[in-house]
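Residue numbers (my numbering), protein chains in the order written: chain E, 51 to 338; chain G, 51 to 338; chain D, 51 to 338.
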Amino acid sequence: MSKPRILVQLDPDAQASVFDAVVAVDAGVDHLLQYGRVSPDQVQGLVHGAIFTRGPQDLKNTAIFVGGSDVAAAEELVKRVLASFFGPLRVSVMMDASGANTTAAAAVLAASRHVPLQGATAVVLAATGPVGQRVVRLLAREGARVRVGSRTLPRAECVCEQVRQRVGSAVLEPVATAPESMAGVLTDASLVISAGAAGVTLLPAETWQACPTLRVAIDLNAVPPLGIAGVEATDKAVLRGEVTCYGAIGVGGAKMKIHGRAISRLFESNSQVFDAEEVYAIGRELQG
Amino acid sequence: MSKPRILVQLDPDAQASVFDAVVAVDAGVDHLLQYGRVSPDQVQGLVHGAIFTRGPQDLKNTAIFVGGSDVAAAEELVKRVLASFFGPLRVSVMMDASGANTTAAAAVLAASRHVPLQGATAVVLAATGPVGQRVVRLLAREGARVRVGSRTLPRAECVCEQVRQRVGSAVLEPVATAPESMAGVLTDASLVISAGAAGVTLLPAETWQACPTLRVAIDLNAVPPLGIAGVEATDKAVLRGEVTCYGAIGVGGAKMKIHGRAISRLFESNSQVFDAEEVYAIGRELQG
Amino acid sequence: MSKPRILVQLDPDAQASVFDAVVAVDAGVDHLLQYGRVSPDQVQGLVHGAIFTRGPQDLKNTAIFVGGSDVAAAEELVKRVLASFFGPLRVSVMMDASGANTTAAAAVLAASRHVPLQGATAVVLAATGPVGQRVVRLLAREGARVRVGSRTLPRAECVCEQVRQRVGSAVLEPVATAPESMAGVLTDASLVISAGAAGVTLLPAETWQACPTLRVAIDLNAVPPLGIAGVEATDKAVLRGEVTCYGAIGVGGAKMKIHGRAISRLFESNSQVFDAEEVYAIGRELQG
Chain E
51 MSKPRILVQL DPDAQASVFD AVVAVDAGVD HLLQYGRVSP DQVQGLVHGA IFTRGPQDLK
111 NTAIFVGGSD VAAAEELVKR VLASFFGPLR VSVMMDASGA NTTAAAAVLA ASRHVPLQGA
171 TAVVLAATGP VGQRVVRLLA REGARVRVGS RTLPRAECVC EQVRQRVGSA VLEPVATAPE
231 SMAGVLTDAS LVISAGAAGV TLLPAETWQA CPTLRVAIDL NAVPPLGIAG VEATDKAVLR
291 GEVTCYGAIG VGGAKMKIHG RAISRLFESN SQVFDAEEVY AIGRELQG
Chain G
51 MSKPRILVQL DPDAQASVFD AVVAVDAGVD HLLQYGRVSP DQVQGLVHGA IFTRGPQDLK
111 NTAIFVGGSD VAAAEELVKR VLASFFGPLR VSVMMDASGA NTTAAAAVLA ASRHVPLQGA
171 TAVVLAATGP VGQRVVRLLA REGARVRVGS RTLPRAECVC EQVRQRVGSA VLEPVATAPE
231 SMAGVLTDAS LVISAGAAGV TLLPAETWQA CPTLRVAIDL NAVPPLGIAG VEATDKAVLR
291 GEVTCYGAIG VGGAKMKIHG RAISRLFESN SQVFDAEEVY AIGRELQG
Chain D
51 MSKPRILVQL DPDAQASVFD AVVAVDAGVD HLLQYGRVSP DQVQGLVHGA IFTRGPQDLK
111 NTAIFVGGSD VAAAEELVKR VLASFFGPLR VSVMMDASGA NTTAAAAVLA ASRHVPLQGA
171 TAVVLAATGP VGQRVVRLLA REGARVRVGS RTLPRAECVC EQVRQRVGSA VLEPVATAPE
231 SMAGVLTDAS LVISAGAAGV TLLPAETWQA CPTLRVAIDL NAVPPLGIAG VEATDKAVLR
291 GEVTCYGAIG VGGAKMKIHG RAISRLFESN SQVFDAEEVY AIGRELQG
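Quick look at the structure:
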């Protein structure tokens, strides 16, 4: 008889996320161990408790989820988790703070249903945040040429540099974005994805609607006004002119499915690490 | 197949209540998410995690319990919970900090088995506390004329005012109580309920035993000396002279049953809010 | 139908132990209530929640585990737990902070498979720590003559005094230990157990290998260099010359089995208290 599935939820926030907990339960976790306000120095002890309790053949029934709202803090926890393993004494780990990996994966998958990503010219707005950076990574791996947008060029260049370190083959171009210069930024683009914060319009409606090559526009901010004016948060493959549009709520269903499937996949072996790429691959399988 | 029942336990105390947790488990909750030291500003994020994870048809399988020992702090959390819902995106909520709602409901239900509440004259001692106020509310809704007792008249008046805001039809009379004046306060009363703190005698034994109209005396403090001298904490419908007496332990069994039933009722739909009145209605059904 | 098994995990550490949690789940606990950063003054409220919720016949399905890394802090919590019970209103309790009880029990049981403890001369090195003290206690109860070793004689004497208060029949001899004097300390001994901290060699290999009466050497430190040079952490009944050797990992399997069995035993009645002796007795049964 196999051991119960235990998920150790590590969260840097003061209270461990209810969102992450409910998704875990619905993904079939038997026992959820919630840890909030987790600091990096506490990780080793918690991880050792996870790897030194069950036999090697049962370790796949224990897994670690690192979530919460602070992606940078969560990434530090993941680094500590990985450093706490002892060779084969390890358990599978997923990072999805702020939904960054599942959101980026769902957005790129949505786009891929409407334009071939290989060779496409894609524009990512507000690419400096955790979701934006992951969208750039995933698009670059799929062979798109990505214009990496930020309101200041140095920040865009910094993201390009970071993505190139992970994706050697990436074809990236940093661009400084401002609403009035967006027509140029969109030249020849078939795809634009905006991952900006709430309430800042990055791309005027008339600009993208006048771009003859554009086929897909995705905005990942749920609170109006969106970064891409003219897209609605609830858009889910809504055709506006020639452009298929998605909003945050429109990609939310796929995002949730990917999240749940990824959690249940954690328990298939004890050596998986799910960051953006792995989560994206799971999403592709789900998409069939 | 229906989703597992998840109860989110929000507690302002430093450690989430074990009491509330055990009752939840015994009421059939599948997964309990315990949150202690919850501050009002943390509520929105936690509630959004509860309402944005499951589809509308499954939201009834998630619920929120607000408990702990501090009723005022819990009421503030409930207010924040309700303010965090988005129209139909909501889950059912129960408040029972300090057992205030279940205790008040059990006490008034016990009384109702021995005297018709409609038109009865009832005296509530130490009515200013959270249990006392709720007893006044429930009695007033049942049509009793309630003497609202406090050691200082202004505080009694304040409670009357608060109850009138909730129960427009309430017939209330504020009374300043002192042991030596209790004979007058009890005049024509058929029912007295004391909700005072530990160790203060509010009503001497000879006074209530000499009241010819009195039929029921209930004391909700478990630690002697009780507020109503001559009643024992373990009294459960014990007849002393002509008066049927209940102590805190005597109403405790019914209180626990009401608490458990209310928890399982939370999962019948996603839009319920259980405060004193709803908990009392559940208790009435249980009483048959 | 019996109630779900609830284990209340009380832990003085900032985060409740994952280790203790996984063992509890694998021992069949249905609902684990984890409490970290538990201070002594919080214990009464938590314990009252455990004992005032279920009826007397169901109390055996609730139990308390006190764990974490700090044995002294955990012992203080256990004292508060026991003081919070009301006669028959109690639940079973196990203490195993830092694995002290299960480790000591597993070590003494391992020794007992190779030498009769009754009448044996045993040496315990680093006997002043929580594991060492428990090893002394268990050996003394089994009728061994125990040399209680510490690097300073007064500390060794102090441990002897504490053990004598618990085990009236104990035959103990405090000894100041230094690597160069260990030949004398081992005279006539058939058994040596070291419970020292990481990285300090207490007993040179040539000394114990030259002791003609020695039959068993057990070192409970998992991180090299071990206290007993020449023993490996993974040794599990490894014969080195005439001496059967065990390291920390070698006794770890039995320790885990004892821990798990003890947790499931907690739920057999509501009045058990598991400290070293009770845990050892459970281990003896497991050993058959």
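Glycine included, every Cβ here is placed at the ideal spot set by N, Cα and C.
Neighbourhood of residue i by C-beta distance below 8 Å, restricted to the same chain and skipping five residues each side
i: Ala279(D); result: Thr251, Leu253, Pro254, Ala255
i: Cys208(D); result: Thr178
i: Gly169(G); result: Gly193, Ala194, Arg195
i: Gly310(E); result: Val73, Asp76, Ala77
i: Arg214(D); result: Ala220, Leu222
i: Arg140(E); result: Ile101, Leu109, Asn320, Ser321
Which of helix, strand or coil DSSP assigns to residue i
i: Lys307(D); result: helix
i: Glu211(D); result: helix
i: Thr294(E); result: strand
i: Glu223(D); result: strand
i: Gln107(E); result: helix
i: Ala123(E); result: helix
i: Gly333(E); result: helix
i: Lys53(E); result: coil
i: Leu270(G); result: coil
i: Ala287(G); result: strand
i: Gly300(E); result: helix
i: Val131(E); result: helix
i: Ala255(E); result: helix
i: Ser314(D); result: helix
i: Leu203(D); result: helix
i: Glu177(E); result: The identity of residue 177(E) in the sequence shown is Ala, whereas the question assumes Glu. The answer is coil: DSSP assigns Ala177(E) none of H, G, I, E or B.
i: Ala147(E); result: helix
Partners in chain D for residue i, counting only beta-carbon separations shorter than 8 Å
i: Asp76(G); result: Lys53, Pro54, Thr103, Arg104
Interface partners of residue i on chain G, CB under 7 Å
i: Tyr296(D); result: Chain G residues near Tyr296(D): none, gap ~39 Å exceeds 7 Å.
Contact set between residue i and chain E, taken where Cβ atoms lie within less than 9 Å
i: Gln212(D); result: Going along chain E, no residue has its Cβ under 9 Å from Gln212(D), so there is no contact; the nearest lies around 29 Å.
Run of the beta strand (DSSP E) containing residue i, from where it starts to where it stops
i: Leu82(G); result: 81-85
i: Ser200(D); result: 195-200
i: Ala150(D); result: That residue, Ala150(D), is in no beta strand (DSSP E); its alpha helix (DSSP H) goes 150-162.
i: Ile243(E); result: 241-244
N- and C-terminal bounds of the alpha helix (DSSP H) containing residue i
i: Pro138(G); result: Counting along the chain, Pro138(G) falls outside any alpha helix (DSSP H), and DSSP gives it neither H nor E.
i: Phe69(D); result: 68-76
i: Gly169(G); result: Neither: Gly169(G) is in no alpha helix (DSSP H) and is coded neither H nor E.
i: Gln322(D); result: No alpha helix (DSSP H) holds Gln322(D); DSSP gives it neither H nor E.
i: Gln94(G); result: 90-101
i: Ala233(E); result: 232-235
i: Arg187(G); result: 180-191
Same chain only: Cβ atoms within 6 Å of residue i, ignoring 5 sequence neighbours per side
i: Gly297(G); result: Asp269, Val281, Glu282, Ala283, Thr284, Asp285
i: Gly333(E); result: Ala155, Leu159, Ile308
i: Val57(E); result: Residue identity check: residue 57(E) is Leu in the sequence provided, not Val. Counting only Cβ-Cβ distances below 6 Å, and skipping sequence neighbours, we find Ala74, Val79, Leu82, Ala113, Phe115.
i: Val121(D); result: Ala147, Ser148, Ala150, Pro180
i: Val97(G); result: Val131, Ser134
i: Gly182(E); result: Val174, Ala176, Ala245
i: Val242(D); result: Val173, Ala267
Amino acids of chain E, ordered along the chain, whose beta-carbon sits closer than 7 Å to that of residue i
i: Val68(D); result: Val58, Leu83, Leu96, Gly99, Ala100
i: Val73(D); result: Thr103
i: Thr112(G); result: Val72
Listed by chain order, chain D residues near residue i by CB distance under 9 Å
i: Val88(E); result: Gln65
Same chain, Cβ closer than 7 Å to residue i, five either side skipped, listed in chain order
i: Cys210(G); result: Val198, Leu222, Pro224
i: Gly117(G); result: Gln59, Asp61, Ser67, Asp70, Ala124, Asp146, Ala147
i: Pro275(D); result: Gly249, Thr251
i: Val235(G); result: Val173, Arg197, Gly199, Val225, Thr227
i: Thr202(G); result: Ala226
Listed in chain order, which residues of the region 91-105 of chain E have Cβ atoms closer than 8 Å to some Cβ of chain D?
Gln92, Gly95, Leu96, Val97, His98, Gly99, Ala100, Phe102, Thr103, Arg104
With 7 Å as the C-beta to C-beta threshold (strictly closer), list the residues of the region 132-166 of chain D near chain G in chain order.
none
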